[in-house]
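Just so we're aligned, residue 21 is where the sequence shown starts under my numbering, counting upward by one. Below is one structure, written out as structure tokens; comments come after it.
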Amino acid sequence: VSFVYHYTQLEFGKNRSEVRLALLIDYFCAGSALITGGVYMVQAGITAVPLESLVSAGVAIVCLSLCWVWEFGYPYIFWHSLWHIASAYTGYLVGQDHLANIAAQN
């Protein structure tokens, strides 16, 4: 979803309705993923979540926050890229932990 937003941003420019719609969908999907991951971690018990997942989530949130500090140019590209990498890695870690827990229950 984020790829589509960034693609339309580059293709049409930032002030087009197509870009705003893609951004809205991107925000909705990212927000849903963050809420789902957060609820899962809370339900699992914060002590049951591997430390690496919590650290990665923290790094992702810091990178996202820095995107709002530097909204333009290379600093934005740098922090926004790291946000994508760290958040995807966090999702991967939480998913792997979930699969390991399911396998252990069977």
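Where is the CB? At the ideal position from N, CA and C, for every residue including glycine.
Taking 8 Å as the CB-CB limit, is T56 close to chain C?
Looking at the structure shown, chain C is missing, and only one protein chain is on hand.
Here's the rule: buried if 16 or more other CB atoms are within 10 angstroms of the residue's CB, otherwise exposed. What is A106?
Classification of A106: buried, given that the 10 Å Cβ count is 16 or more.
Between T28 and the rest of its own chain, which residues show a CB-CB distance below 7 Å, the 5 nearest in sequence each way excluded?
The residues are E38, V39, A42.
Taking three-plus beta-carbon pairs below 8 Å as touching, is the segment 96–106 in contact with the segment 46–62?
Too few Cβ pairs lie closer than 8 Å, so no.
At the level of alpha carbons, what is the spacing between W99 and C83?
Looking at the two C-alpha atoms, the distance is approximately 5 Å.
Can you tell me which of the three DSSP states F92 falls into?
Three-state DSSP puts F92 in coil, outside helix and strand.
Alpha helix (DSSP H) containing A50: first to last residue?
From DSSP, the alpha helix (DSSP H) with A50 extends over 37–64.
With a threshold of 7 Å on Cβ separation, who are the neighbours of S73 within its own chain once the five nearest residues in sequence on each side are excluded?
Excluding positions up to five away in sequence, the list reads T110, L113, V114, D117.
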